[in-house]
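A.B. asks: My questions all concern the structure below.
Residue numbers (my numbering): 328 to 573.
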């Protein structure tokens, strides 16, 4: 999920477990309090179409987005040390350096976090989006992958080997934590999200339901598994935004 232009007032209203209103603000401090992420946790942030798909007719989540859920996207990123995403999703959604408004970066620093959120891309091939900055990007791959020799010297110190032939999600999370990146936000795609869920690594699932239809060939967004409890629900602009904790 990546950002797109905003075009409305984007106020969010909490409907569960209490009633509250969250008008937009530059630092999003109220939403940040509601979505505060603890260290040593893996959060999953996903969007689904009204019919449960992870992408719209254009093949990306951009056609499902709106200003209301983009407020949540920025807030979730503002709470993380690192955003993890699969390479196919990163290419399709044109991921770049994770940027936050100045007020949100200042709020992060006030909470004891670094101003810059890191990006980590999971890839075997090493086929990355153009324009990534090695200073703020990690590459998660395996020891036997083409990525280890395909990527140039500027990436060698940024490689995280999460296995020999197949990446281990648990090793990936442990290796990120060893680098001081223990607040993990995974933004998909659906295959990576499902792997993390299957191995019970996700403690926090933030799922937005868009009022827009999904693409005919789009994969389904992983459903919330058993064992998660709904903590709150926000609505706005036709979007329903729910947070579930294990």
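Ideal Cβ placement from N, Cα and C applies to all residues, glycine included.
Tell me which residue opens and which closes the alpha helix (DSSP H) that residue 500 is part of.
C.D. replies: Taking the first residue of the chain shown as position 1, residue 500 is located at position 173. Taken as a continuous stretch (DSSP letters only), the alpha helix (DSSP H) holding residue 500 covers 496-505.
A.B. asks: Report the option in 380, 416, 504, 355 whose CA atom is closest to the CA atom of residue 543.
C.D. replies: Taking the first residue of the chain shown as position 1, residue 543 is located at position 216. The candidate whose alpha carbon is nearest that of residue 543 is 380.
A.B. asks: Taking the straight line between their C-alpha atoms, what separation do you get for residue 506 and residue 513?
C.D. replies: As a first step, residue 506 must be located in the chain shown, where it is residue number 179. As a first step, residue 513 must be located in the chain shown, where it is residue number 186. When rounded, the distance between both Cα atoms is 17 Å.
A.B. asks: Can you tell which of 546, 547, 536 has the C-alpha that lies nearest to the C-alpha of residue 582?
C.D. replies: Here the chain has residues from 328 to 573 only, and residue 582 is not among them.
A.B. asks: So the alpha helix (DSSP H) residue 399 belongs to, where does it begin and stop?
C.D. replies: For the purposes of this step, residue 399 is taken as residue 72 along the chain shown, with counting starting at 1. Residue 399 -> alpha helix (DSSP H) spans 394-406.
A.B. asks: Can you round the beta-carbon distance between residue 529 and residue 573 to whole angstroms, since I take them to be within the 8 Å contact cut?
C.D. replies: Here residue 529 corresponds to residue number 202 of the chain shown, with the count starting at 1. Here residue 573 corresponds to residue number 246 of the chain shown, with the count starting at 1. The pair is a contact, with the Cβ atoms about 7 Å apart (cut-off 8 Å).
A.B. asks: Tell me whether residue 559 sits in a helix, a strand or coil according to DSSP, three-state version.
C.D. replies: Here residue 559 refers to the residue found at position 232 of the chain shown. Residue state, collapsed to three classes: strand.
A.B. asks: Have a look at the DSSP bridge pairing and note the partners of residue 463.
C.D. replies: Against the chain shown, residue 463 aligns to sequence position 136. DSSP, once it has assigned bridges, lists no residue as partnering residue 463.
A.B. asks: Helix, strand or coil: how does DSSP classify residue 514 here?
C.D. replies: Sequence index remark: in the chain shown, residue 514 carries index 187 (1-based). It is coil, neither helix nor strand.
A.B. asks: If I measure Cβ to Cβ from residue 570 and keep anything under 6 Å in the same chain, skipping five residues before and after, which residues do I get?
C.D. replies: Position 243 of the chain shown holds residue 570. Once the five neighbours on either side are set aside, the close Cβ partners of residue 570 are 533, 558, 559.
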